[in-house]
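I have placed the structure first, in the form of structure tokens, so that the comments after it can refer back to it.
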Amino acid sequence: MKDNLLPAEARTRVTEDERITGVILAGGQGRRMGTIDKGLVPLDGRPMVAHVLDRLRPQVDEILINANQHRAEYEAFGHPVLVDVIGGFAGPLAGLHVALAHASFARVATVPCDSPFLPADLIARLAAALHGSEADLAVARTFDQPHPVFALARKTVLPHLTQFLEGGGRKIDAWYATLKTVEVAFDDEAEAFRNINTTDELKQADRR
Numbered sequence: 376m377k378d379n380l381l382p383a384e385a386r387t388r389v390t391e392d393e394r395i396t397g398v399i400l401a402g403g404q405g406r407r408m409g410t411i412d413k414g415l416v417p418l419d420g421r422p423m424v425a426h427v428l429d430r431l432r433p434q435v436d437e438i439l440i441n442a443n444q445h446r447a448e449y450e451a452f453g454h455p456v457l458v459d460v461i462g463g464f465a466g467p468l469a470g471l472h473v474a475l476a477h478a479s480f481a482r483v484a485t486v487p488c489d490s491p492f493l494p495a496d497l498i499a500r501l502a503a504a505l506h507g508s509e510a511d512l513a514v515a516r517t518f519d520q521p522h523p524v525f526a527l528a529r530k531t532v533l534p535h536l537t538q539f540l541e542g543g544g545r546k547i548d549a550w551y552a553t554l555k556t557v558e559v560a561f562d563d564e565a566e567a568f569r570n571i572n573t574t575d576e577l578k579q580a581d582r583r
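Written out as structure tokens, the structure reads:
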């Protein structure tokens with residue numbers, strides 16, 4: 376089986392406790408783009424998820440992709456592809472749930488497949504905030520706007536998340552409200568969190 380851990384020279388952390396698994400959330404239905412799989416939509420001649428991978432790869436020690444459609448296409452990027460255990464396209468929490476269950480390391484970072492401009496220091500800043508607190512999870516925000524799918528969670532939250540999902544919970548904000556969380560300000564990089572939900576937004580991003 377292929378070793379999914381990234382090369383040693385790509386890692387900035389040393390001990391296993393400090394290492395981080397990153398998961399790209401591509402498990403949605405893309406309803407706002409006419410049910411198109413957003414991660415595979417071309418941007419500047421490449422699938423959008425390829426741009427996300429370029430940004431995320433230097434920041435983490437392992438990469439997983441959560442996708443419920445077009446599994447073969449996502450597997451071509453060379454990382455394990457995980458399908459939701461919770462059925463019915465249950466949203467980003469279902470993607471985090473399966474990633475926590477399969478991650479090699481004690482902390483798991485999430486990013487969406489439709490945000491190709493994510494900050495180069497996203498994970499480092501989330502990790503610093505989580506390390507300096509007793510929080511279960513660190514979440515990015517810009518000004519007064521939280522970005523709940525840009526987060527870093529401790530793997531120890533898995534049983535709690537499983538219980539929440541099995542009880543019918545789906546809203547990410549509702550689950551976060553049950554945890555100790557720390558918000559991390561990215562006011563200096565607000566534009567980096569812009570995601571692409573419509574064909575018009577895709578055209579604008581292609582012109583960047």
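The numbers in my numbering rise by one with no breaks, and the one at position 2 of the sequence shown is 377.
Think of the CB as a built atom: it goes at the ideal place given N, C-alpha and C, for glycine as much as any other residue.
Check	Outcome
Buried versus exposed, by CB contacts within 10 Å (16 or more), Lys-377	Per-residue confidence for Lys-377 stands at a pLDDT of 41, beneath the threshold of 50, marking its modelled position as unreliable; the derived number appears in the next sentence. So Lys-377 ends up on the exposed side.
Where Arg-482 falls, given that 16 or more other Cβ within 10 Å makes a residue buried	buried
Range of the contiguous beta strand (DSSP E) that encloses Glu-437	437–442
3 or more residues per run - each beta strand (DSSP E) lying fully within the segment 525–572	556–560
Where Gly-559 falls, given that 16 or more other Cβ within 10 Å makes a residue buried	The sequence given here has Val at residue 559, not Gly. Buried.
C-beta atoms of Val-427 and Pro-491 nearer than 8 Å	yes
First and last residue of the uninterrupted alpha helix (DSSP H) at Val-424	423–431
7 Å CB neighbourhood of Gly-409 in its chain, flanking five on each side removed	Because Gly-409 sits at a pLDDT of 49, beneath the cut-off of 50, its placement in the model cannot be relied upon, and the following sentence gives the value as read from the coordinates. For Gly-409, where only same-chain residues beyond five positions count, there are no Cβ hits under 7 Å.
Segment contact flag, the segment 525–532 with the segment 486–505, C-beta cutoff 8 Å, min 3 pairs	yes
8 Å Cβ shell around Leu-595 - same chain, five flanking residues per side excluded	Residue 595 lies beyond the stretch modelled for the chain, which goes from 376 to 583, so this question has no answer here.
CB contact flag (Asp-459, Gly-542, <8 Å)	no
Between the CA atoms of Ala-425 and Arg-500 - distance to the nearest angstrom	23 Å
Simplified DSSP state of Val-389, which is helix, strand or coil	Below a pLDDT of 50, predicted positions are generally treated as unreliable, and Val-389, at 44, falls in that range; no measurement from the model is reported.
Three-state secondary structure (DSSP) of Ile-411	coil
CB of Thr-396 within 8 Å of CB of Ser-479, strictly	yes
Start-to-end residues for the alpha helix (DSSP H) that takes in Gly-470	467–477
Pairwise C-alpha distance: Gly-466 and His-477	18 Å
Residue span of the alpha helix (DSSP H) that contains Ile-498, given as start and end	497–506
Close-in-space but distant-in-sequence residues of the same chain around Asp-511 (CB under 6 Å, 5 per side omitted)	Arg-529, Val-532, Leu-554 and Lys-555
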